[in-house]
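In UniProt numbering, the protein residues as written are 1 to 172. Ideal Cβ positions, reconstructed from N, Cα and C, are used throughout, including at glycine.
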């Protein structure tokens, strides 16, 4: 499949069906989501991470670590900085990646930072008009908050097929 993609032959990725509001309500009614048991709390956490960050398959979040998420000082936004992308690893020219993704510099492509981080900081400054403009730093408020959990902590959750099991249990 990697060879086909490199040759420019289109491949259609598998996509999970989105969970609509009616199905979500059923999950809450059947107690698959909630705070009544450790399993329902875990399901709720996985469900909302999937919903907010668009993570549905284990392959999409297997290598996530907490150091990829930075909460701004005013906590009005979260900046996500991903790892090196498949296109960069595959040897696609940096200029082509910049043209398609909107990155403005080669350094940002190499570090694979989101191009919209500056925009999020500007919006955050606009939402707090009470003082002079400030520059938001993308670092945790204190060192202990950075949760030195890393990749191994997320692997211990092993959500794998949690969404599927939860939906089957609730009959969705």
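Going by C-alpha to C-alpha distance, which of 33, 52 and 69 sits closest to residue 18?
52
Whose C-beta lies closer than 8 Å to the C-beta of residue 40 among residues of the same chain, with five residues either side of it excluded?
31, 32, 33 and 34
Specify the secondary structure class of residue 25 as computed by DSSP and reduced to three states.
In the three-state DSSP reduction, residue 25 falls in the helix class (H, G or I).
Proximal residues to residue 78 (C-beta, below 8 Å), its chain only, five neighbours per side dropped
Contacts found: 69, 70, 71 and 72.
Check each candidate in 36, 67 and 27 and name the one with the smallest Cα separation from residue 48.
It is 27.
What would DSSP say about residue 51, mapped onto helix, strand or coil?
helix
Measuring straight from C-alpha to C-alpha, what distance separates residue 76 and residue 23?
30 Å
Which value, in whole angstroms, describes the spacing of the CA atoms of residue 6 and residue 74?
Cα to Cα, the separation comes out at about 42 Å.
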